[in-house]
Structure formats: structure tokens, C-alpha cells
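Some notes on the structure that comes next.
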Amino acid sequence: MKEVKGGYITYLKRLSDNEVIAFAKPDWNLELTLFQDSNGDQYYWNREGLVRFGGMCGIETTNCLVNSKHSYINQKRLWETMSIVGDDPYRNFLGYTVKRNIGISNLGKRFVYFSYGVAVINEQSGSWYRVKSSPVFE
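First residue of the sequence shown: 72, per this note's numbering; consecutive thereafter.
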């Protein structure tokens with residue numbers, strides 16, 4: 072499932088029989104982009120370059136290129152994201168998990184309930200981990 076959400080493409084990945092993660096990837100062409108040198112070779116921005124020149128689009132914004140004129144709010148959004156996912160927002164993405172659980176009531180009846188969480192996923196390696204970070208919830 073892919074849908075454009077203000078500069079982000081969202082993906083779903085099944086983590087287990089009872090759990091999925093929905094995560095957003097910044098668009099390299101419209102947002103983070105790649106650094107291009109005078110020879111035309113392209114590279115990922117390192118942490119310093121991203122912090123200095125980068126930014127992340129907000130809702131309803133579909134074109135938010137890396138440049139020196141990024142508004143402070145876009146830069147801050149990227150810095151906050153990097154404080155959670157690490158220094159590589161090209162490969163590590165922020166996501167939300169939904170897990171289906173089965174409980175048993177005090178009357179012995181089974182019932183289904185859902186639990187939610189925040190996670191960071193590296194789509195390339197398939198690895199992911201749960202995050203307990205207050206900036207995520209602000």
C-alpha cells in the first residue's frame with residue numbers, strides 16, 4: 072500500500088501474525104534529496120549536511136527540497152526525527168505498530184484488543200526496534 076502524504080510515502084509491513092507496522096519514507100527527490108558534486112556524482116548527505124541544509128516537509132507539503140532556505144520548522148522536524156531514528160533518515164524510518172492481542176475477561180470469555188506503539192525500521196535490512204521516546208508523542 073502506497074499513498075503520498077505530504078511529501079511522504081507510507082508503507083505497511085507485517086511484523087508477525089498479529090502485528091504490522093506503518094512507516095513513512097521521506098521522498099529523496101522532493102525532500103531529503105542527495106548531495107550532488109561538481110562531477111554530477113550523487114551521495115547521501117552526512118549528518119552535518121542534513122542538519123545544516125536539510126529539512127522535512129509538513130502535512131500537505133509535497134515539495135520540500137534540501138536547500139539553505141529551509142524554514143526553521145522544517146529543519147526542526149528533521150532534527151527531531153533524527154534524534155529518534157539516528158543519523159541516517161535515508162534508511163531508518165519512523166513508524167507506528169498495531170498489535171492484535173487476545174485477552175480473557177474475568178468471566179472467562181476471550182476478547183480482542185489492540186495495542187499501539189512507535190518503532191524505527193530499517194527497510195533495507197528488515198530490522199526494527201520499539202521506541203519509547205517522548206518527542207514522538209508531542
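The C-beta atom is built at its ideal place from N, Cα and C for all residues, glycine as well.
These numbers come from a predicted model, not from an experiment.
- Taking residue 115 as reference, the option from 147, 144, 161 with the minimal CA-CA separation is 161.
- Residue 108 and residue 198 have their C-alpha atoms spaced approximately 32 Å apart.
- In this structure, DSSP gives residue 147 a helical state, which the three-state scheme calls helix.
- A Cβ-Cβ separation of about 20 Å leaves residue 144 out of contact with residue 164 under the 8 Å criterion.
- Going by DSSP, residue 90 is part of no alpha helix (DSSP H) but of the beta strand (DSSP E) stretching over 90 to 97.
- Per the C-alpha coordinates, the member of 112, 153, 111 positioned closest to residue 123 is 153.
- Pairing residue 111 with residue 105, the inter-Cα distance amounts to about 11 Å.
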